[in-house]
Amino acid sequence: MQDAQLGSVELAIERAKTAVLFRRPTKTFRDTVAGGGEGLRVLRLTGAIPVEGGCGDQDSRTAQSGSAAMK
Numbered sequence: 000m001q002d003a004q005l006g007s008v009e010l011a012i013e014r015a016k017t018a019v020l021f022r023r024p025t026k027t028f029r030d031t032v033a034g035g036g037e038g039l040r041v042l043r044l045t046g047a048i049p050v051e052g053g054c055g056d057q058d059s060r061t062a063q064s065g066s067a068a069m070k
């Protein structure tokens, strides 16, 4: 895509890998997180909450929820 950010290319590749590995569209994960994340497992990584894909507010709420769950 002309004028696309270089990060968009890498993100598209990783989303495609995720869809194949989990055998479902990545939108499924986004919808689950947007709905409160019910059913998602929290990774216990000290000091790290990996979040990406939603708008800024969604990503922030998801990271805060994950952080609270780890306490």
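Taking numbering that gives the first Met the number 0, the leading residue of the sequence shown gets 0, the next gets one more, and so forth.
For each residue, glycine too, the CB sits at the ideal point set by N, CA and C.
Remember, it's a predicted structure, so these values are computed and weren't measured experimentally.
Reduced DSSP secondary structure (H/G/I, E/B, other) of residue 60: helix
Supposed contact pair residue 19 and residue 61 - C-beta distance, whole angstroms, cut 8 Å: Not confirmed; about 23 Å, so no contact.
With 16 other Cβ atoms within 10 Å as the buried cut-off, status of residue 65: buried
Does the beta carbon of residue 57 fall short of 6 Å from some heavy atom of the ligand MG? This structure lacks the ligand MG, and indeed carries no ligand of any kind.
Spatial neighbours of residue 36 in its chain, beta-carbon cut-off 7 Å, leaving aside the 5 residues before and after: 61, 64
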